[in-house]
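Here the sequence shown is numbered in our numbering, starting from 4 and rising by one per residue. All C-beta atoms, glycine included, are put in the ideal place defined by N, C-alpha and C.
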Amino acid sequence: MSKKRKINPVLEAIMAAAPVEDAARQEYFIDVAHKEVLRLKETLQRDLTCCVNTFGCQMNARDSEKILGVLEKAGYVPSEDEHADFVIYNTCTVRENACNRVYGRLGYLSTLKKKNAAMKIALCGCMMQEEHVREKIHQSYPFVDLVFGTHNIYQFSELLVMALFCDYQVVEVIEGSDKIVEELPIVRKYAYKSGVNITFGCNNFCSYCIVPYVRGREKSREPKDILREIETLAADGVVEVMLLGQNVNSYGKGLKDPITFAQLLQEVEKIDGIERIRFMTSHPKDLSDELIEVMANSKKICRHLHLPVQSGSSRILKIMNRHYDREHYLNLVNKIREKLPDVALTTDIIVGFPGETEEDFLETLSLVKEVEYDSAFTFIYSKRSGTPAATMPDQVPEDVVKDRFDRLLKAVQEISEKKANVLEGQDVTVLVESVNEQDPNLVTGRLSNNSIVHFPGEKTLIGKFVTVHLDTCKGFYYLGTKVN
Ligand code: SAH
Ligand code: SF4
Ligand code: F3S
Numbered sequence: 004m005s006k007k008r009k010i011n012p013v014l015e016a017i018m019a020a021a022p023v024e025d026a027a028r029q030e031y032f033i034d035v036a037h038k039e040v041l042r043l044k045e046t047l048q049r050d051l052t053c054c055v056n057t058f059g060c061q062m063n064a065r066d067s068e069k070i071l072g073v074l075e076k077a078g079y080v081p082s083e084d085e086h087a088d089f090v091i092y093n094t095c096t097v098r099e100n101a102c103n104r105v106y107g108r109l110g111y112l113s114t115l116k117k118k119n120a121a122m123k124i125a126l127c128g129c130m131m132q133e134e135h136v137r138e139k140i141h142q143s144y145p146f147v148d149l150v151f152g153t154h155n156i157y158q159f160s161e162l163l164v165m166a167l168f169c170d171y172q173v174v175e176v177i178e179g180s181d182k183i184v185e186e187l188p189i190v191r192k193y194a195y196k197s198g199v200n201i202t203f204g205c206n207n208f209c210s211y212c213i214v215p216y217v218r219g220r221e222k223s224r225e226p227k228d229i230l231r232e233i234e235t236l237a238a239d240g241v242v243e244v245m246l247l248g249q250n251v252n253s254y255g256k257g258l259k260d261p262i263t264f265a266q267l268l269q270e271v272e273k274i275d276g277i278e279r280i281r282f283m284t285s286h287p288k289d290l291s292d293e294l295i296e297v298m299a300n301s302k303k304i305c306r307h308l309h310l311p312v313q314s315g316s317s318r319i320l321k322i323m324n325r326h327y328d329r330e331h332y333l334n335l336v337n338k339i340r341e342k343l344p345d346v347a348l349t350t351d352i353i354v355g356f357p358g359e360t361e362e363d364f365l366e367t368l369s370l371v372k373e374v375e376y377d378s379a380f381t382f383i384y385s386k387r388s389g390t391p392a393a394t395m396p397d398q399v400p401e402d403v404v405k406d407r408f409d410r411l412l413k414a415v416q417e418i419s420e421k422k423a424n425v426l427e428g429q430d431v432t433v434l435v436e437s438v439n440e441q442d443p444n445l446v447t448g449r450l451s452n453n454s455i456v457h458f459p460g461e462k463t464l465i466g467k468f469v470t471v472h473l474d475t476c477k478g479f480y481y482l483g484t485k486v487n
């Protein structure tokens, strides 16, 4: 299954005895890994530790929880940082700086490995789907023990065993897959909230974007599997779920019994114990009236819509292959605001797409001012090799892009500050998420519309809903007081 060199006879025997059926096979390998971890523990006279570091989006974060699930079952104890016996980076390649961050940290990992003979280093995630990346890892980072891709997560226990028994770089990357494997062990980062995959992959091929190439074609999970997972989460104390997909609005299309995203949401709403439902991401071309209606009638769906616009220029949107224009987007926003007056709208914007003129950029700026987003993620266009935009003429010079980026950021910030204080003085329901990082006397929670509030409170409030009076708005967050 990988670039096999010197076959270790112990590993050969382990592989030969492995069951063929997926679930049984992965259980078997978890068991083998566990025995090996116990043996190493005995030899080293200490626990074996692991560190899973996530780069990238919520999809990657969820995959990391599956990886940690396997590692903990195999007997590893999570460590605070990369001083660990098994370190894995779950990588992102959506923009070049995401990749550079990984390369930057690999040098550091090699110094840690020199001090710990038991240390294994693994790389997985979106970057590993790219052949030029795998080449580079092979040539320049030979100390990496294991490389695998986005479609191999379900085989992680098998790959872990290979890494434990091999002394060369194990590489396993499936190019694309229709397979959805259910029932992997998962260790959630938070006790009270969880991501839930509803689709994998993407079919949209926006011309700048690498995701469809590294995540494969769009596949929807069966509704019964999603609902069963959420019921189990609710039974385990989860009160908030985030339904995850690159384009949740196209959920259900390829299923044997197709259902819409809005219908799925109505089913999730019925699950006792789940109090808040979020989702990510909505593509404007597929956002239906049915969804707006379901949101308007829902008690649980949060008042937040992330609706990436990417550009305010219809000309650029066409070249981006987004399948909507400025007018369609603005009509959609109006419809949403009419039916959901309290919804917070957020977005993603790319500056400096090839051929973007000052006029195009001014259209983006004017759209931002017209929509008045609650917040916006702004990105400088990053050339991704293999995407159509990478070879388009008229790549915009760096200084021009930087200037536009700064102007956009300023506008976005001014608007968010203005919007943020609308709830000042109100009593709102807050889900408490953590103790405040700067001040241990404060806790931090989130409103339905995704705004953050800090207020005096105890650690015991984490995961609970409380009513908080929003005293003052500090730009990007509120300071409040708990109402009894
Ligand atoms: N599926 C989501 C987006 C996933 S990627 C959607 O379509 O909305 C998250 C964001 O990264 C995108 O919305 C886009 O704004 C940004 N992005 C993607 N490719 C990029 C690139 N090549 N350069 C800069 N930003 C990019
Ligand atoms: Fe990328 Fe477009 Fe798919 Fe989003 S919808 S992941 S931007 S190709
Ligand atoms: Fe990055 Fe992959 Fe997500 S490229 S944004 S981690 S799907």
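### Query
DSSP puts residue 169 in a beta bridge; with which residues?
Paired residue(s): none; residue 169 is not in a bridge.
### Alpha-carbon to alpha-carbon, residue 226 and residue 257
12 Å
### Query
For the stretch 332-395, which segments carrying the beta strand (DSSP E) assignment without a break, of at least 3 residues, lie completely within its bounds, in sequence order?
347-354 and 378-383
### Task
Could you work out which residue in 153, 160, 89 and 103 is closest to residue 146 when comparing CA atoms only?
89
### Query
Can you tell me whether residue 443 is buried or exposed, with buried defined as 16 or more other CB within 10 angstroms of its CB?
exposed
### Message
Given 7 Å as the limit, tell me if residue 353 has its C-beta closer than that to any heavy atom belonging to ligand 1.
### Response
yes
### Message
Between which residues of its own chain and residue 203 is the CB-CB distance below 6 Å, once the five residues before and five after are set aside?
### Response
222
### Task
Mark residue 23 as exposed unless 16 or more other C-beta atoms lie within 10 angstroms of its C-beta, in which case mark it buried.
exposed
#### Entry: Helix, strand or coil at residue 448 according to DSSP, with G and I counted as helix
strand
### Query
Does the separation of the CB atoms of residue 191 and residue 243 fall below 8 Å?
no
### Query
residue 125 lies in the beta strand (DSSP E); which residues open and close that run?
123-128
### Query
Is the stretch 468-475 touching the stretch 429-442, taking contact as three or more C-beta pairs under 8 Å?
yes
### Anticipated Cβ contact below 8 Å, residue 228 with residue 185, distance rounded
5 Å
### Task
To the nearest angstrom, report how far apart residue 6 and residue 187 are at their CA atoms.
Reliability of the predicted coordinates at residue 6 is poor, the pLDDT of 49 falling under 50, and no value is obtained from them.
### Task
Give, in chain order, every unbroken run of the beta strand (DSSP E) that is at least 3 residues long and sits entirely within the stretch 208-296.
243-247 and 279-283
### Message
Restricting to Cα atoms, I'd like to know which of 91, 402, 252 and 218 is closest to residue 166.
### Response
91
### Message
Rounded to whole angstroms, what is the Cα-Cα separation between residue 284 and residue 253?
### Response
10 Å
### Sequence-distant residues of its chain with Cβ nearer than 6 Å to residue 385 (five each side left out)
98 and 99
### Message
Whole angstroms are fine: how far does the CA of residue 297 sit from the CA of residue 269?
### Response
7 Å
#### Entry: Cβ shell of residue 31 (< 6 Å), same chain only, five flanking positions each side left out
21 and 22
### Message
Tell me which residues share the same chain as residue 481 and place their Cβ nearer than 6 Å to its Cβ, disregarding the 5 neighbours each side in the sequence.
### Response
456 and 473
### Limits of the alpha helix (DSSP H) - the one that residue 106 falls within
99-118
### Query
The beta strand (DSSP E) with residue 459 in it runs from where to where?
455-459
### Query
DSSP three-state call for residue 81: helix, strand or coil?
strand
### Task
Using the Cα positions of residue 400 and residue 379, report the straight-line distance between them to the nearest angstrom.
23 Å
### Query
What do you get for residue 334, buried or exposed, if any count of 16 or more other CB atoms within 10 angstroms of its CB means buried?
exposed
### Query
Tell me, which residues are paired with residue 433 by DSSP?
450 and 469
### Query
Roughly how many angstroms lie between the CA atoms of residue 374 and residue 209, to the nearest whole one?
23 Å
### Rounded distance between the beta-carbons of residue 219 and residue 179, thought under 8 Å
4 Å
### Message
Taking the beta strand (DSSP E) that residue 63 belongs to, which residues open and close that run?
### Response
Here residue 63 belongs to no beta strand (DSSP E); instead the alpha helix (DSSP H) covers 61-76.
### Query
When you compare each of 467, 452, 447 and 468 to residue 483 by their alpha carbons, which one comes out closest?
447
### Through-space distance from residue 127 to residue 57, alpha-carbon basis
10 Å
### Task
Express the C-alpha separation of residue 356 and residue 102 in angstroms, rounding to a whole number.
19 Å
### Query
Contact check, residue 310 vs residue 350 under 8 Å by CB: the rounded distance?
6 Å
#### Entry: Cα-Cα separation, residue 320 to residue 412
20 Å
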